[in-house]
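Q: Protein sequences, first through last, are from chains A and B. Residue numbering for the first sequence follows this note's numbering, starting at 1 and increasing by one per position. Residue numbering for the second sequence follows this note's numbering, starting at 1 and increasing by one per position.
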Amino acid sequence: EAGVAQSPRYKIIEKRQSVAFWCNPISGHATLYWYQQILGQGPKLLIQFQNNGVVDDSQLPKDRFSAERLKGVDSTLKIQPAKLEDSAVYLCASSPPGELSYNEQFFGPGTRLTVL
Amino acid sequence: KQEVTQIPAALSVPEGENLVLNCSFTDSAIYNLQWFRQDPGKGLTSLLLIQSSQREQTSGRLNASLDKSSGRSTLYIAASQPGDSATYLCAVLTLEQAGTALIFGKGTTLSVSS
Chain A
1 EAGVAQSPRY KIIEKRQSVA FWCNPISGHA TLYWYQQILG QGPKLLIQFQ NNGVVDDSQL
61 PKDRFSAERL KGVDSTLKIQ PAKLEDSAVY LCASSPPGEL SYNEQFFGPG TRLTVL
Chain B
1 KQEVTQIPAA LSVPEGENLV LNCSFTDSAI YNLQWFRQDP GKGLTSLLLI QSSQREQTSG
61 RLNASLDKSS GRSTLYIAAS QPGDSATYLC AVLTLEQAGT ALIFGKGTTL SVSS
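1. Name the two residues that bound the continuous beta strand (DSSP E) containing Glu-68 (chain A).
2. Can you give me the Cβ contacts of Pro-82 (chain B) inside the same chain, cut-off strictly under 8 Å, excluding the 5 residues immediately before and after it?
3. For Leu-116 (chain A), would you say it is in contact with chain B, using Cβ-to-Cβ distances shorter than 7 Å as the test?
4. Tell me whether the beta-carbon of Asn-52 (chain A) lies closer than 7 Å to the beta-carbon of Gly-72 (chain A).
5. Hey, how far is the Cα of Ala-10 (chain B) from the Cα of Leu-89 (chain B)?
6. Please name the residue in A:Leu-91, A:Lys-44, A:Tyr-10, A:Glu-14 whose C-alpha comes closest to that of Ser-187 (chain A).
7. Are any of the Cβ atoms in chain B nearer than 7 Å to that of Pro-43 (chain A)?
8. Between B:Tyr-31, B:Gly-41, B:Asp-39, B:Arg-55, which lies nearest to Leu-75 (chain B) when the distance is taken from Cα to Cα?
9. Apart from the five residues on each side of it in sequence, which residues of its chain come closer than 8 Å, Cβ to Cβ, to Ser-85 (chain B)?
10. For the stretch 51-84 of chain A, enumerate the residues whose C-beta is nearer than 7 Å to any C-beta of chain B, in chain order.
11. What number of angstroms, rounded off, separates the C-alpha of Ala-78 (chain B) from the C-alpha of Lys-42 (chain B)?
12. Measuring CA to CA, which of A:Arg-16, A:Arg-112, A:Thr-111, A:Glu-68 is closest to Val-54 (chain A)?
13. With a threshold of 7 Å between beta-carbons, can Phe-104 (chain B) be considered close to chain A, or not?
14. Using a C-beta cutoff of 7 Å, does Glu-14 (chain A) count as contacting chain B?
15. Looking only at its own chain, which residues have a Cβ that is under 7 Å from the Cβ of Ile-38 (chain A), when we skip the five neighbours before and after it?
16. Do Gln-41 (chain A) and Lys-106 (chain B) have their beta-carbon atoms positioned less than 7 Å apart in this structure?
17. Measure the beta-carbon distance from Leu-116 (chain A) to Glu-14 (chain A) and round it to whole angstroms, keeping in mind my assumption that it falls under 8 Å.
18. Under 8 Å between beta-carbons, which chain B residues line up against Leu-91 (chain A)? List them in chain order, please.
19. Using the beta-carbon of each residue, which ones in chain A are nearer than 7 Å to Leu-89 (chain B)?
20. Run through DSSP, which three-state label would Asp-86 (chain A) get?
21. On a CA-only basis, which of B:Gln-34, B:Asp-27, B:Thr-45 is nearest Ser-70 (chain B)? Give me that one, please.
22. From the DSSP output, which residues share a beta bridge with Glu-56 (chain B)?
23. Quick one, which of A:Lys-44, A:Arg-9, A:Ile-26 has its alpha-carbon nearest Ala-91 (chain B)'s?
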């Protein structure tokens, strides 16, 4: 079974530039998550999709971050304009449908963003 | 608001030692608890998932326990090896806002020397 795919793996940009990350979840996984992991911290949820609908985006800085999941499969996360504090690893995860107590999230390799 | 704490932040042991990593959480209303491993520059690999109704799970040399009422979990690693060196993250699945978010601790960085 193929895992969660993410690209690019690394990105370096100047502040105020824009950047986009792509995620392809495991086939059949209805739920998709984007997490932000700052160095030395645990991942923090940015947005959760159920199929192509947003379930929770309460921690997404909507003035600069946007995300979409067209057709309920792939997803893109965009930052425009980027700030220095956006330097982090952006992790995509997916989970299959089913009872929450069994809910296991599978993570991709992440995209490491450096904002200069 | 759920908070997850992991102690210690870092741990160094010689090869062959048995060790315990600790995780505590403030709200016992969780669906499950997951332990992950993260190697430098890599994503997260799921090690064990304990449902809220379970007390422990085992996989190979790993054993994780859950005491939901006291808000604690431990990850026991038997006969540690240099290949076990990584950061170990504990996360609880909880109902946050409208969704189901994993709330993570900051992790324990383990170094096993040969």
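For glycine and all other residues, C-beta sits at the position ideal for the given N, C-alpha and C. Just so we're clear, the structure is a prediction, and the values are computed from it rather than from any experiment.
A: Considering the structure as presented:
1. As a first step, residue 68 (chain A) is located in the first sequence; it is residue number 68 there, counting from the start. Note, Glu-68 (chain A): beta strand (DSSP E), 65-68.
2. Residue numbering aside, residue 82 (chain B) sits at position 82 when the second sequence is read from its first letter. So the list reads Glu-15, Val-112, Ser-113, Ser-114, once near-sequence residues are dropped.
3. Counted from its first residue, the first sequence places residue 116 (chain A) at position 116. No, because no Cβ of chain B sits closer than 7 Å to the Cβ of Leu-116 (chain A).
4. Translated into positions along the first sequence, residue 52 (chain A) becomes position 52. Translated into positions along the first sequence, residue 72 (chain A) becomes position 72. Yes, they are a contact pair.
5. Reading the second sequence from its first residue, position 10 is the one you call residue 10 (chain B). Reading the second sequence from its first residue, position 89 is the one you call residue 89 (chain B). If you draw a straight line from the Cα of Ala-10 (chain B) to the Cα of Leu-89 (chain B), it comes to about 12 Å.
6. The requested residue 187 (chain A) does not occur in the structure, where chain A is confined to residues 1 to 116.
7. The residue you call residue 43 (chain A) lines up with position 43 of the first sequence. The beta carbon of Pro-43 (chain A) sits closer than 7 Å to some beta carbon of chain B.
8. Position 75 of the second sequence, counted from the start, is the residue given in the question as residue 75 (chain B). It is B:Arg-55 whose Cα lies nearest to the Cα of Leu-75 (chain B).
9. In the second sequence, counting from the first residue as 1, residue 85 (chain B) sits at position 85. Excluding sequence neighbours, Ser-85 (chain B) sits near Leu-110, Ser-111, Val-112.
10. Taking 7 Å as the Cβ-Cβ cut-off, the stretch 51-84 of chain A approaches chain B at Val-55, Asp-56, Ser-58, given in chain order.
11. What you label residue 78 (chain B) is simply residue 78 of the second sequence in a count that begins at 1. What you label residue 42 (chain B) is simply residue 42 of the second sequence in a count that begins at 1. Whole-angstrom Cα-Cα distance: 24 Å.
12. As a first step, residue 54 (chain A) is located in the first sequence; it is residue number 54 there, counting from the start. When only C-alpha atoms are compared, the closest one is A:Glu-68.
13. Within the second sequence, residue 104 (chain B) is the residue found at index 104, counting from 1. True, the Cβ-Cβ gap to chain A drops below 7 Å.
14. Within the first sequence, the letter at position 14 stands for residue 14 (chain A). Glu-14 (chain A) does not count as touching chain B.
15. As a first step, residue 38 (chain A) is located in the first sequence; it is residue number 38 there, counting from the start. Within its own chain, the residues whose Cβ lies closer than 7 Å to the Cβ of Ile-38 (chain A), once the five positions on either side in sequence are excluded, are Ala-88, listed in chain order.
16. Looking up residue 106 (chain B) in the second sequence gives position 106. Looking up residue 41 (chain A) in the first sequence gives position 41. In terms of Cβ geometry, Lys-106 (chain B) and Gln-41 (chain A) form a close pair [threshold 7 Å].
17. As a position in the first sequence, residue 116 (chain A) is number 116, starting the count at 1. As a position in the first sequence, residue 14 (chain A) is number 14, starting the count at 1. The distance from the Cβ of Leu-116 (chain A) to that of Glu-14 (chain A) is about 5 Å, consistent with a contact at the 8 Å cut-off.
18. Position 91 of the first sequence holds residue 91 (chain A). The contacting residues are Gly-43, Leu-44.
19. Numbered from 1 along the second sequence, position 89 holds the residue referred to as residue 89 (chain B). Result: Gly-42.
20. Locating residue 86 (chain A) in the first sequence gives position 86, where the first residue counts as 1. The answer is helix: DSSP assigns Asp-86 (chain A) an H, G or I state.
21. The residue you call residue 70 (chain B) lines up with position 70 of the second sequence. The candidate whose alpha carbon is nearest that of Ser-70 (chain B) is B:Asp-27.
22. Your numbering for residue 56 (chain B) matches position 56 in the second sequence. Looking at the DSSP assignment, Glu-56 (chain B) forms a beta bridge with B:Ser-65.
23. On the second sequence, position 91 is the one that residue 91 (chain B) refers to. Nearest C-alpha to Ala-91 (chain B): A:Lys-44.
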